[in-house]
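Chains A and B are the protein sequences, given in the same order. Under the UniProt record's numbering, the first residue of the first sequence carries the number 1, and numbering increases by one thereafter. Under the UniProt record's numbering, the first residue of the second sequence carries the number 1, and numbering increases by one thereafter. Glycine included, every Cβ here is placed at the ideal spot set by N, Cα and C. Before any comments, here is the structure.
2 protein chains.
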Amino acid sequence: MKGAAGQLGTSLAAMPRYVQLATTLLNEIQTGKFPVGSLLPTEHVLCQQFGVSRFTVREAIKLLVQQGLVNRQPGVGTRVQAVAPTGQYTQTMSGLTDLQQYAVETMLEITRQEVVALSPEKAESLDTSVGETWLEIEGLRYAPGQPLPFAWTRVHIAPRFRALAGLTGQVDQPLYLLIEQQFGCRIQVVHQEIKAMSLDADLARQLKVPARSAGIWIQRRYMDTHDELVEQAVNIHPADRFTYRESFRREFAVMAPQVGGIKL
Amino acid sequence: MKGAAGQLGTSLAAMPRYVQLATTLLNEIQTGKFPVGSLLPTEHVLCQQFGVSRFTVREAIKLLVQQGLVNRQPGVGTRVQAVAPTGQYTQTMSGLTDLQQYAVETMLEITRQEVVALSPEKAESLDTSVGETWLEIEGLRYAPGQPLPFAWTRVHIAPRFRALAGLTGQVDQPLYLLIEQQFGCRIQVVHQEIKAMSLDADLARQLKVPARSAGIWIQRRYMDTHDELVEQAVNIHPADRFTYRESFRREFAVMAPQVGGIKL
DNA sequence: GAGTGGTCTAGACCACGAA
DNA sequence: TCGTGGTCTAGACCACTCG
């Protein structure tokens, strides 16, 4: 029976003990018994308090770690770092996006390359100051064996990396990898935005499609370990030459995420 | 022979046994010893073959599961489902995609709902057989307080879930969550495709935009733990009413992913 | 009924951080 | 030195699938 009421068959009593334990700890974190920044009881203590084995305690804490609620450090303990899961749905993505679609198989033909002083608009787009001198690169991306480009690209590279070498006419490595290799920098976070747009006459000409046809606009902002912008790239693709694919895999969400009676 | 020991200080001998075991299994999967679709040896067998405890074997297989290389089913076994680690670059995404953009704040107004026998084209799109009877739903998505819809939606739901309840005129929960709750099913993987398109007259009318204006097409395929399609949703957004945002964080790579001498 | 993976116990040794 | 979490062993019982 699947009546309207109580469709959640996940009565807590039926859940594994480590899920029950994790739920208990989650509640105690949210009610302030273990404030953010404090240490959770040690595994040994939790074993005694709940009368379970260390395995069960570790499985429970593993759930909390996966949700970003606590972090663990050998020799120190388990520290509370948030009261709410950072996203009920933290998911992992297969790394095809950049590597496969832009790196492994494609080639960038550079059509323009210039160190420019930022105009107010560009400075705002890059979230930095007017007058900084960034390296600006424009080009077209080709898939192997294809005569028509599948993307127009404009890249801005931060001043400290503007001496980037290896930017001859055709580049077959992603620019952020070049930067990492030449400057020992490390990309930590990538922010991405995707939207649709209508291709203007100039873009349409370069991409060899009819003017005003539909295209997809993808912006990627590559941040280093200090969360500073290293590179911003905008790619514009004709509708019929590019599909963006990705996959997400659910990792945890083992715990019943009901909060305040709302089932989520 | 450890060679230059290179930039990755991860000499395999220093890694935990379960990482070594996972790496071994990964190699054997990639060399075809365990083809996609086949079953890995059982935990018991692996314990004997490698002379380790069941804990070690399970930790190793857990790594493979986390990378999407295998899936497990009690009573059946561990099945290979991919040869490439879905993360040369394992990245985590903050779960904004679905929850924030489609679930938390938005509302789906259902305009049509019908159990349909699949035409050949739809069967192909859903990767299943002609004649199966899937639940087909069409509607418009609204953001709170906005009079104009920001998406047109068409959803197909697998026959075994077509009795889905709660589909009255306005739905404020994501459909896949309804399915999970009512049928005890669990979404494990979501495949997503994004491309640009030109909105035809009918779509343009429903979305209240000029005909032939640019739009973005997003398809999501929700797979359960057995990698079977549960729901396929297509969302079409006008260019100026929707931007898709996501962030990727590079994570500490557990297994050394070097393939063919390339360091990655 | 035999075998699978999921859960769980009660121990153990280790590297590491802190006092 | 002491306690932490990380790793690992050798068992056990269970629900489930399949023949």
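Secondary-structure assignment with DSSP links M107(A) through a beta bridge to Y142(A). Between R58(A) and N71(A), the C-beta gap is not smaller than 8 Å, which leaves the two residues out of contact. Counting C-beta pairs with one atom in each stretch, the region 180-187 of chain A and the region 201-212 of chain A have fewer than three that are closer than 8 Å, which means they do not touch. Within chain B, the C-beta atoms nearer than 8 Å to that of I216(A) come from I194, K195, A196 and I216, in chain order. Here the alpha carbons of S213(B) and M197(B) stand approximately 9 Å from one another. Within chain B, not a single residue places a beta-carbon under 8 Å from that of R141(A); the smallest gap is close to 16 Å.
Separation of the CB atoms of F150(B) and A143(B) is rounded to 6 Å, and the pair is thereby assigned contact status at 8 Å. Sequence-distant Cβ neighbours of L118(B) in its own chain, meaning closer than 8 Å and more than five residues away, are L126, T128, S129, V130, G131, E132, T133 and W134.
Interface residue (Cβ-Cβ distance to chain B less than 8 Å): R245(A) is classified as such.
Between E138(B) and R154(B), the CB-CB gap stays under 8 Å. Under the three-state reduction of DSSP output, L164(B) falls in the coil class, being neither helix nor strand. DSSP places R79(B) within a strand segment (E or B) once states are collapsed to three. Taking a C-beta cut-off of 7 Å against chain A, the contacting residues of the region 173-207 of chain B are Q181, Q182, G184, I187, Q188, V189, V190, H191, Q192, E193, I194, K195, A196, M197 and S198, listed in chain order.
For A201(A), no beta strand (DSSP E) run applies; the uninterrupted alpha helix (DSSP H) run containing it begins and ends at A201 to L207, by DSSP. Counting only the Cα atoms, L39(B) lies some 11 Å from Q73(B). Within chain A, no residue has its CB atom less than 7 Å from the CB of F34(B), the nearest being about 20 Å off. Boundaries cannot be given for A158(B), as no beta strand (DSSP E) includes it and DSSP labels it neither H nor E.
The Cβ of A239(B) sits closer than 8 Å to at least one Cβ of chain A.
Beta bridge pairing from DSSP links I216(B) with A196(B) and H237(B). Interface residue (Cβ-Cβ distance to chain B less than 8 Å): F242(A) is classified as such. In chain order, R154 and Q219 place their CB closer than 6 Å to the CB of V234(A), counting only its own chain and leaving out the 5 sequence neighbours on each side. From the listed residues I29(B), D202(B), G77(B) and H156(B), the smallest Cα separation to V116(B) is found for H156(B). Secondary structure within the region 50-75 of chain B: the beta strand (DSSP E) runs of 3 or more consecutive residues, fully enclosed, are 70-73 (chain order).
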